[in-house]
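Residue numbers (my numbering), protein chains in the order written: chain A, 3 to 424; chain B, 7 to 263.
One structure is given below, encoded as structure tokens.
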């Protein structure tokens, strides 16, 4: 054993993994993995061999590259571009884009498994990766060959980052009322207007902008790419947020911003459709990020229950907390099943995929937020401290109930599906 | 020198993060429903072999694992990291409980001969039994030189220069190939398998063999009498003065009275 311990200060991140069974109980808190492995809450339950392998790699990446940094990224509001590019090298930058121009070519279900695993390490950073994936897919699926050949290789490696621009200061849930305009002028579109709550804005290199090229309503919307540095494109001050602090949000302004007509994705008037198609996957993605946050919170709460002693015994012995933990795990597994079911529906292009994605997003984001909140409660006063990650999972996952279509809009979409005469 | 063929031994072990539990009948540890992964030292060996291939020192990397069906997952991991193909030597679960380094060494030696290998690379030890024997035994069986506990491997004319981690520091030796190498902790930092490589790995060839195919008798040479938990640390007591500490030490005969 002597050689194992020599030069301990040189130990790399990997070294932590390696020590023999005599050391198994001494590993650091953040590098721990898989306490709930093989339990009823194990996220690998029901997955095939390759999916489990992908998941394990994503969990390893989350434990080693994300989890040790999540508190600092949150506190200092750091956009971890280097780590994002490391993630992209492994294929996380364009998970469900086709392989033709550098996408990874996996399914929505695979993507959900990946984002869930990554979010155990940092929910906020994973959420940005998932938004970037949605943007890349919109170009890959609706863009012509030239646009795909130009952008997918750079987006897949995250050499260029992207932002999705739909919401406006005056158009949120009523997205089809958006008022940013793009007027054709010869071989250019001239954009005017503002987009609000844009994730990644200021840092991102490519803005996928939904803007009005025609009539009022959803049919007059087009999807146009605007590169950072285009004259007339500017950013307002960085917003101060409750969570999601590892990527910036700013208002994006367009003032006589001219882009070539070749930057149009799909055809004129197709923009709203593209935006909604993107969001179907986006909803599965944020819901998957909620699953990861909730799983990590559950795991840490479970761990805490074994260590924390009150009234002379570890608090795992109190039935109230036992039952609470059981409920949290049940909510988590139910959420996960709904999310994966919706992902499969999207993969299969099922007719009711929109409603299933909406249901899954509604259920999973609300239940997983509650799981994070309960986990914080189990931690007592410690849970409220920023030294412990549970409060961060709670803060980061709260916004998932608001964005990618509010959960009120999810209810609207589900009820509309139910009340349609068929 | 170019075109070395490298065999890498990949043992499937209980994951390092799992809390080990001894079976109630003390015949071994609980493995059912327990997370397993590739022995981390073997992972380092795979990484080094793949780097040798990337540097065009090696022509082919073949991962080998002996054990139950689940070992195929370990081999897929090795192939996702960059091994070209793999050989699963299936040993049923009951026999596997008594499979010992000598058995595995005999199998690896035979595989090395059949595959015309130039290097057999293994981890220096497995984190489950901590035996630290297999690589050395392979070298003895084949009568090849061995370079164990490698923390650096470089190509030189006619062989390899290997830096070894020994108790006194570092030792640098030169070995001719064919040779047996075992990987120490600081040899490298294994890569993450990329998503595309994980998908490609499922198309790489995996041969399925039995110990009998190599003429190896896997009957046990040893029997395990019992497996026990490490002793629990005894509770200490607080003393109020140096005098009482010295008195206690004297009572225990730890200092001369």
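Positions of the beta carbon are idealized from the N, C-alpha and C atoms, including for glycine.
Values in this document were obtained by computation on a predicted structure and should not be read as measured data.
Of all residues in the segment 141-175 of chain B, those with a C-beta nearer than 8 angstroms to a C-beta of chain A are 155, 171, 172 and 173, reading in chain order. Residue burial is scored here from C-beta neighbours: residue 354 of chain A has fewer than 16 other C-beta atoms within 10 angstroms and is therefore classed as exposed. In the displayed model, residue 167 of chain B falls within a strand according to three-state DSSP. For residue 129 of chain A, the closest C-alpha among the options A:187, A:46 and A:249 is that of A:249. 51, 52, 55, 56, 59, 62 and 63: these are the residues of the segment 50-80 of chain A whose beta carbon lies less than 7 angstroms from some beta carbon of chain B, given in chain order. Using beta-carbon distances, residue 58 of chain B does not count as an interface residue toward chain A, since no partner is under 9 angstroms. Using a Cβ-Cβ cut-off of 9 angstroms, residue 79 of chain B is close to 51, 54 and 55 of chain A, given in chain order. Residue state for residue 43 of chain B is assigned as strand, using DSSP reduced to three classes. A direct Cα-Cα distance of roughly 31 angstroms separates residue 175 of chain A from residue 332 of chain A. Using a Cβ-Cβ cut-off of 9 angstroms, residue 116 of chain A counts as an interface residue toward chain B, since at least one Cβ of chain B sits closer than that to its own. 91, 92, 93, 94, 97, 101, 106, 107, 108, 112 and 116: these are the residues of the segment 90-123 of chain A whose beta carbon lies less than 9 angstroms from some beta carbon of chain B, given in chain order. Counting only residues of its own chain and dropping the five nearest sequence neighbours on each side, residue 348 of chain A has a CB closer than 7 angstroms to the CB of 110, 282, 283, 286, 355 and 359. If you look at residue 99 of chain B, you'll find it in the alpha helix (DSSP H) that goes 99-102. One alpha carbon belongs to residue 149 of chain B, the other to residue 85 of chain B, and they sit about 28 angstroms apart. At least one CB of chain A lies nearer than 9 angstroms to the CB of residue 82 of chain B. Ranking A:146, A:44 and A:304 by CA distance to the CA of residue 376 of chain A puts A:304 first. If you draw a straight line from the Cα of residue 245 of chain B to the Cα of residue 158 of chain B, it is about 50 angstroms long. In this structure, residue 175 of chain B and residue 45 of chain B do not form a Cβ contact; the two beta carbons are roughly 26 angstroms apart against a cut-off of 8 angstroms.
Classified as exposed, residue 413 of chain A has fewer than 16 neighbouring CB atoms from the shown chains inside 10 Å of its CB.
Residue 204 of chain A sits close to residue 237 of chain A, with the two beta carbons spaced by under 9 angstroms. Contacts between residue 86 of chain B and chain A, judged by CB atoms closer than 7 angstroms, involve 55 in chain order. DSSP places residue 193 of chain A in no alpha helix (DSSP H) but in the uninterrupted beta strand (DSSP E) bounded by 190-201. For residue 73 of chain B, the pairing in a beta bridge is given by DSSP as B:96. For residue 101 of chain B, none of the residues of chain A pass the 7 angstroms Cβ criterion, the least Cβ distance being about 23 angstroms. Comparing alpha-carbon positions, the option among B:88, B:38 and B:28 lying closest to residue 237 of chain B turns out to be B:28.
Scanning its chain for C-beta atoms nearer than 6 angstroms, with the 5 sequence neighbours on each side dropped, one finds around residue 144 of chain B the residues 111, 114, 115, 126 and 186, in chain order. Bounds of the beta strand (DSSP E) holding residue 177 of chain B are 175-182. With a cutoff of 9 angstroms on beta-carbon distance, residue 119 of chain B and residue 188 of chain B are scored as not near each other.
When beta bridges are read from the DSSP output, residue 212 of chain A appears opposite A:225. Nearest to residue 242 of chain A by alpha-carbon distance, out of A:47, A:76, A:421 and A:60, is A:76. Residue pairing from DSSP leaves residue 155 of chain B without any beta-bridge partner. Here DSSP, grouped into helix, strand and coil, assigns residue 44 of chain A to coil. Residue 10 of chain B has B:64 as its beta-bridge partners, per DSSP. As a beta-bridge residue in DSSP terms, residue 129 of chain B pairs with B:189. Of all C-beta pairs linking the segment 102-122 of chain A to the segment 295-303 of chain A, three or more are shorter than 8 angstroms, placing the two stretches in contact.
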